[in-house]
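Structure first, then comments.
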Amino acid sequence: GRLFYNNARRDLGIYIGKMFDDQIWSLQDSSKPDYFKIVREGRYLQYDGDQVKMVDVEQDTTLWSFEKVPEDKGFHRLLNMVYKVYITYDESCNGAVGASANQTELQRWIMFKAE
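Numbering (our numbering), first residue to last: 5 to 119.
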């Protein structure tokens with residue numbers, strides 16, 4: 005599945021199937037070494053201690069690091085700087101995006117440059 009965000013619908017989730025433009029994200033450097041902002045349509049991906057969501061204002065809870073998954077070359081886990089949780093998805097939950105401090109198979113992401 006691929007992480008998507010549609011600002012018009014305020015819809016954040018995981019989609020399995022055809023690639024759409026709402027699955028293309030930007031990474032922005034931050035002032036914190038090894039942490040990035042994950043941005044789509046001018047909004048920032050955030051974990052607020054309860055849920056993963058999109059917000060208008062950049063803050064420490066919108067900073068993420070990319071931890072390599074050693075057993076899966078090319079894959080990373082996305083770790084929130086403040087809460088130390090990983091973005092998680094579960095296909096059985098209708099594409100819901102969540103977060104968990106425990107490392108699981110559902111947190112492996114691969115990133116590639118959109119051309």
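Virtual Cβ for every residue (Gly too), placed ideally from N, Cα, C.
Check: Exposed or buried, what is L67 when buried is set at 16 or more other beta-carbons lying within 10 Å of its beta-carbon?
Finding: Buried is the label assigned to L67, since at least 16 other Cβ atoms lie within 10 Å of its Cβ.
Margin query: Can you give me the C-alpha to C-alpha distance between Q111 and Y93, rounded to a whole angstrom?
Written below: 7 angstroms
Checklist line | Residues sharing a beta bridge with S30, DSSP | finding: Per DSSP, V43.
Notebook entry, point to check: Going along the chain, which residues of its own chain have a beta-carbon closer than 6 angstroms to the beta-carbon of Y48, five neighbours each way excluded?
Noted result: K41, V59, E62, T66
Margin query: Quick check on Q111: does DSSP put it in helix, strand or coil?
Written below: helix
Check: Is it right to say Q55 is buried, meaning 16 or more other beta carbons lie within 10 angstroms of its own, or is it exposed?
Finding: exposed
Next item on the list: Determine the DSSP secondary structure at D38, reduced to helix, strand or coil.
Entry: coil
Next item on the list: Could you say which of Y39, R81, Q50 lies nearest to E109 if we only look at CA atoms?
Entry: The candidate whose alpha carbon is nearest that of E109 is R81.
Margin query: Along the chain, where does the beta strand (DSSP E) containing R24 start, and where does it finish?
Written below: Residue 24 is actually Phe in this sequence, not Arg. No beta strand (DSSP E) contains F24, which DSSP labels as neither H nor E.
Notebook entry, point to check: Does DSSP put D54 in a helix, a strand or coil?
Noted result: coil
Check: Can you list, in chain order, the residues of its chain whose CB lies under 8 angstroms from that of I18, leaving out five sequence neighbours each side?
Finding: Excluding positions up to five away in sequence, the list reads G5, R6, L7, F8, Y93, E95, G99, A100, V101.
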